[in-house]
Amino acid sequence: MIRKGKGIGCMWYPIGFTVAANPSAATVKVNEDGTATLLTGTVETGQGSLTVLGQIAAEELGISTEDVHVVSADTDATPMDTGAIASRTTYVTGNAIKLAAEKAKEILFEVAAPMLNVKPSQLEAADRKVQVKGFPQRFLPIDEVALQAQFVQGQPPIGSASYNPPTVDMDPETGQGKPFSTYVYATQIAEVEVDDETGDVNVTYMAAAHDCGTAINPMLVEGQIQGGISMGIGFALQEEMLFDEKGVQINPNLTNYIMPTSLDMPDIDVDIVENFDPTGPFGAKGVGEPTAVPTAAAICNAIYDAVGVRITSLPATAEKVLALIKEKNEKDIKQLSPAE
Amino acid sequence: MDVELIINGEEKTASIPPETTLLKLLREEFYLTGAKTGCDVGDCGACTVLVDGEAVNSCLMLAGQLQGRSVETIEGLANLEDFHPLQKNFEDLGSLQCGFCGPGMILSAKQLLEENPEPTKQEIQDAIAGNLCRCTGYTKIVEAVADAAKEMREEP
Amino acid sequence: MVDKVKVKERESTLEELREVNDDLRLPSVPEKVSFPIDVVTPEARTQTPAVGQRASRPDGRMHGLGQTKYIDDMSFPGMIYAKIKRAGVAKARIKKIDLSEAEKMPGVMATLIGSEIPVNSFGPSYQDQPIIADKLIYHAGDPVAAVAATTEQLAADALEKIKIEYEQLEPIFDPIEAMKESAPEVHPGQGNIYSSKIIQKGDVDKGFKDSYRTYENTFSTQMVEHVPMEPHASIAEWDANGRVIIHSSLGRITLGRADIARTLDMPINRIRVVATVVGGNFGGKNEITTEPILALLSRKTGRPVKGIYTREDEFMSSTTRHPFIMDYKTGVSEEGKIISRKVRLVCDGGAYCSWSETTLGKACILSAGPYNIENLYVEAYAVYTNKTMTGAMRGFGAPQVCFAYESHMDDIARDLDIDPLQIRRINAFHEGSASPTGQVLQSVVVKDSLDVAADRFGWEEWQK
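Chains as they are written, first to last, in numbering that gives the first Met the number 0: chain A, 0 to 339; chain B, 0 to 155; chain C, 0 to 463.
Written out as structure tokens, the structure is:
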């Protein structure tokens, strides 16, 4: 018989390396038509990091994402970056890019200020314009300013900067310290159906509420969460590298190493928890890894809720769940029968 | 051995060793690298192409079996007029992340939509069950296929 | 001034060229692929402000059109292919490697063994991993030799001709067994426990005494592969100036370059690492794998050398997620407030350290969960075993400890007859909470995330 259950998994997760320096550097060049080119040493590994980093540069320069071209991942051409690891790209590389774009913007403001008869500090960049704060009717199109900067003033608007999250060493005996600059938080709640005759677990629904600070691109955040959940489902129910007694892996292929397919995926509702981290670029933190963290916990708690067995070793394969159900049933029967 | 076949509407010939798979033929003889080598044994679906309209794992098919048949790859899907609605909707929803599974995924979906213009969510999940994706959790892929189906019904 | 006549002439020439009879084409002429003349830019990409927009990815369009060029989609004139021979035994001493049969095969251009690598060790924390095993085998997926040949198939065939004599040594696979003093050492001369961490806050023993009830349980997790859909891939080309260009699926090019420079004993500026769009990483492509091997094979042959992992290589020889064994003991008040917690973590580090140091550290800090706990003691150990090395994988130990602390939490809630949502609310961090390491936390939204998820799920109303 199919039994339903619900379970919670709640977690916290840090952004960046543990104490160790993990800097990023970036260069932002504003071209003479007001578009920009961004140089970063990070690598696009599928998360959409380059899109997000482009959005951060665009926001700082008051232009659109489309106006920014991102050049990445060439050690001869792009600045140092610790890379796509530790959920650090949006936060660390993003901060470096924001600082670099700020420097390029300062040049634009210096050039625009006398043209608008104000001080540079009175200016802001928005909607592809350099405009006077509190008086947006007084503006210059950014392309005009960029052209003036480059070809009349001889000051190409370019900025380079780096960022490294501030940490404090951990005490070797007590572990006390500030290992990370910031953390994110999340809760996933799973609904499962367990067949108590076969032990088969089917995840039917997942509600996922994740904090990532400001979501620079909510669509990509959703994609990360949905993908993390699929990896979490594999971890919870299916995936395991198996070795023979000689230590040779017996399932080094996708025929026998089972990972989630489209058929294993539940309906997922994603909520991005409203938050703003003052240390992140535009309040952003990160989202990559944490999405895969609470899923297995939520599923295993839902299995307990459904059939009353506690999974203590992953993965919760049908065989394992069924064995636990049988064990529990025998125990229940013993408790019912009178003592011998 | 020689093989004559139609690839993306164009007649092609190639001289190849008999053990050449369709995947190798496409990638190495014709530089059509849209079909990917993910496992080379038919588990992952990254090499999916359409042969006479049917989605197949091209790593499992010998090029010799293709004599006189018609192959469609991802490169044949976009033309001067417009992107295929699947490609457009995959892009709009951010359905692909690393993108490695994308060409195979889109071709499996194309076969589905040609046979079933109004698929349910379950039918879409069934159609792409042979295409593994590690990044996306398939959620936005299924949504994009549903959106593309709707678009194709409205503007055939 | 544009000379219109000349432009027209040129266009007609191109037209003529396009009309060349297709049958006469060489088979290797790249396909002509047509794309829309007017590319429509999605609205979200054109808007300012840019932050918060659901801007589509520029690479997303390329992916859907099959236009993204991953490493395996690239080729260079004269390129040859490398394959790696793997040990197939978990622990052994290499007595003899005979490459002569392989080298005689037609199409085989070069071979490489560990002793030819200038500095044959690497690793992000400790340099305990050989590029190619030269003396000892530490796990069955260890590379023992490499072959470069004119086709992939020839290179694979040549691997079969390599003869290696091993002296079998006693392996150890269970991390708890490996911690014992009597256990055979994975790396001779070094203990099997290669990293340990402690976090201590308050007084756990007093905390347990003050508790209403205490609970204990042990949890364990398995070894998991990243399974990026694109296997590890690189192409190396050594040029006449002694510079090497490496196209690689690395997710961390700067540190990858430093490792390559170190193993090749070359100045960093002679190495250029170019990454394309990586076909999935998840932590598995953060370290070098075959890059130095391909570079040396390229130097030997003067050819660009491509090396693509098979799916089997990917499983046997890339990093994986650490199996953990986690002992939890927790004391709580009658209301469900956690008073004291003691945690012991053992992580099976496999044959090499890789990112175990970091994984252990993160797991240690996170193992208490997002909860306020006055009295906490966590001890954690990373242990060598003769299995595939474990390394960075999405979450660095966090999914393992989260499975443990959240399962444990539900057991406590059930025993105390408190709603699982409620017990988490009672204990959750709030703005300004002190973390297990004493850090004052900011922008904390644990309770918000619980409430938002519970509302969305319909936690209260939900029925079986």
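Glycine included, every Cβ here is placed at the ideal spot set by N, Cα and C. As the structure is a computational prediction, the values presented were derived from the model and not from experiment.
Residue 276(C) touches chain B at which residues, Cβ-Cβ below 8 Å? Correct list: 97 and 98.
Does DSSP classify residue 60(C) as helix, strand or coil? helix
Can you name, in chain order, every residue of its own chain whose Cβ lies under 6 Å from the Cβ of residue 454(C), other than the five neighbours on each side? none
By the 9 Å beta-carbon criterion, what residues does the stretch 66 to 79 of chain C contribute toward chain B? 66, 67, 68, 69, 71, 72, 73 and 74
Pick from 242(C), 171(C) and 223(C) that is closest to residue 260(C), judged by C-alpha positions: If we check each option's Cα against that of residue 260(C), 242(C) comes out closest.
Could you round the C-beta distance between residue 108(B) and residue 126(B) to whole angstroms and report it? I think they count as a contact, below 8 Å. 6 Å
Extent of the continuous alpha helix (DSSP H) run through residue 407(C): Element bounds for residue 407(C): 397 to 415.
For the beta strand (DSSP E) that residue 214(C) lies in, which residues bound it at each end? 212 to 219
Express the C-alpha separation of residue 220(A) and residue 106(A) in angstroms, rounding to a whole number. 33 Å
Which residues in chain A sit within 9 Å of residue 440(C), going by Cβ to Cβ distance? 11, 181 and 182
Along the chain, where does the beta strand (DSSP E) that runs through residue 134(A) open and close? Note, residue 134(A): beta strand (DSSP E), 134 to 140.
Taking buried to mean at least 16 other C-beta atoms within 10 Å of its own C-beta, is residue 429(C) buried or exposed? exposed
Would residue 54(A) and residue 49(C) be called neighbours here (beta carbons separated by less than 7 Å)? yes
If you measure from the beta carbon of residue 23(C) to each beta carbon in chain B, is any gap under 7 Å? Note that residue 23(C) has pLDDT 41, beneath the 50 cutoff, so the model's placement of it is unreliable and no number is given.
Is the beta carbon of residue 333(C) closer than 7 Å to that of residue 214(C)? no
Reference residue 28(B); option with closest CA among 35(B), 142(B) and 12(B): 12(B)
For residue 208(C) and residue 339(C), the rounded distance between their alpha carbons: 9 Å
Can you find a C-beta in chain B that's less than 7 Å from the C-beta of residue 194(C)? no
Mind checking if residue 92(A) is an interface residue toward chain B, Cβ cutoff 7 Å exclusive? no
Between residue 12(A) and residue 290(C), what straight-line distance do the alpha-carbon atoms span, to the nearest angstrom? 32 Å
If you measure from the beta carbon of residue 267(A) to each beta carbon in chain B, is any gap under 7 Å? yes
Closest by C-alpha distance to residue 172(C), when choosing among 234(A), 16(A), 177(A) and 244(A): 244(A)
Considering only DSSP beta bridges, list what residue 323(C) is partnered with. 346(C)
State buried or exposed for residue 66(B), treating a residue as buried only when at least 16 other CB atoms are found within 10 Å of its CB. Residue environment for residue 66(B): exposed (fewer than 16 other C-beta atoms within 10 angstroms of its C-beta).
Three-state secondary structure assigned by DSSP to residue 6(A): Three-state result, residue 6(A): strand.
Residues sharing a beta bridge with residue 84(C), DSSP: 144(C)
If you check the beta carbons only, do residue 396(C) and residue 358(C) fall under 7 Å apart? yes
Is the number of C-beta pairs between the stretch 161 to 172 of chain C and the stretch 385 to 403 of chain C that are closer than 8 Å three or more? yes
State the beta-bridge partners of residue 192(C) as determined by DSSP. 382(C)
Contact set between residue 86(B) and chain C, taken where Cβ atoms lie within less than 7 Å: Within chain C, the residues near residue 86(B) are 63 and 64.
Out of 139(A), 28(A) and 115(A), state which residue places its alpha-carbon closest to the alpha-carbon of residue 66(A). 28(A)
Unbroken alpha helix (DSSP H) runs of length 4 or more, entirely within the stretch 245 to 281 of chain C: which are they? 252 to 263
Would DSSP call residue 119(A) helix, strand or coil? helix
DSSP state of residue 97(C) mapped onto helix, strand, coil: Strand at residue 97(C).
Going by C-alpha distance, which of 403(C), 108(C) and 116(C) is nearest residue 221(C)? 403(C)
Distance, residue 299(C) Cα to residue 265(C) Cα: 16 Å
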